[in-house]
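Each remark here refers to the structure printed beneath this line.
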Amino acid sequence: MSDRPNLRVQVLSDPLCPWCHIATRHMEKGFQKFDALVEFSVVYSPYLLSWSDDCCDVGGDYKDMMCTRYGAEEAGKMMDVVVTAGEAVGIPRDFWNHHRPVRVNTIPAHCLIQFAKKYRKQREVLDELFRVYFSEGKDIGNAEVLQSVAYDVGLDPVEALKVFSDPKCHSHILGMDQQAKVRGTNGVPTFIMMNQDTNNKLRFSGCQPAETFSMAVEKLL
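Next comes the structure, spelled out in structure tokens:
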């Protein structure tokens with residue numbers, strides 16, 4: 002058993018959220034200098050964005066939606082903000098496919114993320130979900146896509162299919178999402194950090210810079 006302080010980090014996110022992808026890289030950079038001093042335990046919990054629940058019709062085109070809503074010029078500027086922020090953490094400009102589907106039911110994807118927890122592969126699953134959605138423009142609510150994600154990160158795709166197709170798992174994800182919202186989470190990414198030795202806790206939201214995570218660790222130690 003380690004004698005280092007143990008910090009538990011709960012990350013609430015949705016795989017349709019580009020800022021969640023970028024923020025996790027900020028988090029890891031902020032934690033780097035504490036690797037020899039702190040035992041980090043990071044878990045990922047579901048949060049359903051308003052267009053990622055099972056009430057939405059699947060499909061649509063992200064770029065078309067943005068242009069319709071904001072106009073082509075403003076939409077281009079908004080999308081470029083994400084691309085530029087991604088470049089700063091090593092995500093290449095050509096990673097982003099702006100013609101990805103905008104309405105996706107991510108409940109099965111969240112089931113897969115929770116399934117991966119017992120194998121310590123949540124982050125690998127999330128990275129692959131981000132890649133196939135944001136870069137390849139695939140529907141990450143599709144069973145075949147999710148099985149492929151499971152296989153590519155070393156999980157049993159047949160066992161994974163049973164989990165993310167199970168209505169009980171869908172209900173569990175909806176319950177976790179509702180609980181998060183009742184407790185005050187109104188956007189993602191949200192980070193809840195707790196020193197498990199002292200029970201001191203910090204909570205913050207948004208795509209915070211690496212320095213925010215470093216300062217949070219220092220406050221909790």
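Numbering-wise, my numbering puts 205 at position 204 of the sequence shown, and it's gapless, one number per residue.
Glycine included, C-beta positions come from ideal geometry on N, C-alpha and C.
Beta-carbon proximity of P109 to L156, cut-off 9 Å:
Within the sequence shown, residue 109 is the residue found at index 108, counting from 1. Within the sequence shown, residue 156 is the residue found at index 155, counting from 1. Cβ atoms of P109 and L156: not closer than 9 Å.
For the structure I just gave you, are there three or more beta carbon pairs, one from the region 120 to 130 and one from the region 82 to 92, closer than 8 Å?
Per the Cβ contact rule, the region 120 to 130 is not in contact with the region 82 to 92 (fewer than 3 Cβ pairs under 8 Å).
Suppose you measure from the CA of V150 to the CA of M79; what does that come to, to the nearest Å?
Against the sequence shown, residue 150 aligns to sequence position 149. Against the sequence shown, residue 79 aligns to sequence position 78. Approximately 29 Å between the Cα atoms of the pair.
Report all residues from its chain with a CB closer than 8 Å to the CB of S215; omit the five preceding and five following residues, and keep chain order.
For this step, residue 215 is matched to residue 214 along the sequence shown. The answer, listed in chain order, is G31, F32, K34, F35.
Y45 (DSSP reduced to helix, strand or coil):
Along the sequence shown, one-based indexing puts residue 45 at 44. Three-state DSSP puts Y45 in a strand.
Would you mind reading off the limits of the beta strand (DSSP E) that contains Q1?
No statement about residue 1 is possible, as the shown extent of the chain runs from 2 to 222 and does not include it.
Per DSSP, which one or two residues make a beta bridge with E40?
In the sequence shown, residue 40 corresponds to position 39, counting from 1. Beta-bridge pairing links E40 to N7.
Below 7 Å CB to CB, which residues in the same chain sit around Y152 once its five sequence neighbours on both sides are set aside?
Stepping through the sequence shown from its first residue, residue 152 is reached at position 151. Hits under 7 Å: P158.
Note the first and the last residue of the continuous alpha helix (DSSP H) segment covering S215.
If you number the sequence shown from 1, residue 215 lands on position 214. Under the DSSP assignment, S215 falls in the alpha helix (DSSP H) whose first and last residues are 211 to 221.
Distance between T191 and D81 (C-alpha atoms, nearest Å)
Start at 1 with the first residue of the sequence shown, and residue 81 comes out as number 80. Start at 1 with the first residue of the sequence shown, and residue 191 comes out as number 190. Computed Cα separation, rounded: 23 Å.
Can you list, in chain order, the residues of its chain with a C-beta nearer than 6 Å to that of V103? Leave out the 5 residues immediately preceding and following it.
Against the sequence shown, residue 103 aligns to sequence position 102. Close CB contacts of V103 within its chain, under the 6 Å cut and outside five residues either way in sequence, are with G61, Y63, M66 (chain order).
Between the Cα of R26 and the Cα atoms of I174, N196, A211, which residue gives the shortest distance?
Residue mapping note: residue 26 aligns to position 25 of the sequence shown, counting from 1. It is A211.
Kindly list the residues whose CB is nearer than 6 Å to the CB of V154, restricted to its own chain and excluding five residues on each side of it in sequence; keep chain order.
Position 153 of the sequence shown, counted from the start, is the residue given in the question as residue 154. For V154, where only same-chain residues beyond five positions count, the Cβ hits under 6 Å are K122, E125, V126, E129.
Once DSSP output is grouped into helix, strand and coil, what is the label at K118?
As a working mapping, residue 118 is identified with position 117 in the sequence shown. Assignment of K118 by DSSP, reduced to helix, strand and coil, places it in the helix class.
Candidates H111, T107, A76, of which the one nearest H99 by Cα:
On the sequence shown, residue 99 is found 98 positions in, with the first residue counted as 1. Of the candidates H111, T107, A76, the one whose C-alpha sits nearest the C-alpha of H99 is A76.
Have a look at D167 and F116 and give me their C-alpha separation to the nearest angstrom.
As a first step, residue 167 must be located in the sequence shown, where it is residue number 166. As a first step, residue 116 must be located in the sequence shown, where it is residue number 115. When rounded, the distance between both Cα atoms is 12 Å.
Shortest alpha-carbon distance to K169 belongs to which of F205, R94, H111?
For the purposes of this step, residue 169 is taken as residue 168 along the sequence shown, with counting starting at 1. Ranking the options by Cα distance to K169, first place goes to H111.
Contact set for V189: own chain, Cβ-Cβ below 6 Å, skip 5 residues either direction:
Here residue 189 refers to the residue found at position 188 of the sequence shown. Excluding sequence neighbours, V189 sits near L13, S14, D15, C18, C21, Y48.
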